[in-house]
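Everything below concerns the one structure shown next.
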Amino acid sequence: EAQVTQNPRYLITVTGKKLTVTCSQNMNHEYMSWYRQDPGLGLRQIYYSMNVEVTDKGDVPEGYKVSRKEKRNFPLILESPSPNQTSLYFCASSFRDRGPFRNTEAFFGQGTRLTVV
Amino acid sequence: GENVEQHPSTLSVQEGDSAVIKCTYSDSASNYFPWYKQELGKGPQLIIDIRSNVGEKKDQRIAVTLNKTAKHFSLHITETQPEDSAVYFCAAMNTGFQKLVFGTGTRLLVSP
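Protein sequences, first through last, are from chains A and B. With the first letter of the first sequence counted as 1, position 1 gets the number 1 in the working numbering; the numbers rise by one all the way through. With the first letter of the second sequence counted as 1, position 93 gets the number 93 in the working numbering; the numbers rise by one all the way through.
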């Protein structure tokens, strides 16, 4: 089954304690990205990756790191979490766009609800 | 950069009625416009999309229209059912950059 898998689904942590949220996809997608979802703000992109070893900042990258050592995995790292990073996080993946006849559909994971106290 | 506005933020309809959600975008270079449905506790799921070379697309009870000149696009759901209740997001993308920019979402409630 084609899917994007995030872990953990729920996480409560304390300010300053480093954490990693994992994301894995089994569709051989080149493009992966992380979003955070906050009430009234929709989904905002944190970081994205066009392919292995190629990553770049999205709209709200402060306080986050990512890596893309393998095509299927794209972990999100919070080196020193703060309460303003309490949010619902989604990983997504898709094929690189190759024109109007190539499927660019983005598949999303189930989400990780993070609470930083 | 791209900015997407979505209205209304909440929409309540009776079962069988139609529902319309509207979005506007700012970047005329955007050429791909997907719509996502997010059910409680789940990630967004693509329900329909449209590229800038067409003006309308239908899939059973759902349809999307695009007006490139006015830079707005809409989702139409006919004969709504309670299982259509969810949060719907529109998005816009310039496929050259492959970055999806989302609207703020519409909570649709379909009452039996």
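Backbone N, C-alpha and C define an ideal beta-carbon position, used for all residues, glycine too. Just so it is clear, the structure is predicted and the values come from calculations on it, not from any experiment.
- As for any beta strand (DSSP E) of minimum length 3 sitting wholly inside the segment 14-52 of chain A, the runs are 19-25, 31-38 and 42-51, ordered along the chain.
- The continuous stretches of beta strand (DSSP E) do not include Y64 of chain A, and DSSP gives it neither H nor E.
- Within the segment 76-95 of chain B, F89 and T95 place their CB atoms closer than 7 Å to a CB of chain A, listed in sequence order.
- The C-beta of L41 of chain A comes closer than 8 Å to at least one C-beta of chain B.
- Judged by pairs of C-beta atoms under 8 Å, the segment 10-21 of chain B touches the segment 71-89 of chain B, as three or more such pairs exist.
- Contact between T15 of chain A and P61 of chain A is ruled out by a C-beta separation of about 19 Å, above the 8 Å threshold.
- Cβ contact annotation for A63 of chain B (same chain, cutoff 6 Å, sequence separation greater than five): H76, in chain order.
- Spatial neighbours of V54 of chain A in its own chain (CB-CB distance under 8 Å, excluding positions within 5 residues in sequence) are listed in chain order as R68.
- Neighbours of Q85 of chain A across chain B, judged by C-beta separation under 9 Å, do not exist; the nearest C-beta is about 19 Å away.
- Under the three-pair Cβ rule at 8 Å, the segment 48-58 of chain B counts as touching the segment 22-40 of chain B.
- Closer than 8 Å to the CB of G55 of chain B there is not a single CB belonging to chain A.
- When the Cα atoms are used, K18 of chain A and S80 of chain A turn out to be separated by approximately 5 Å.
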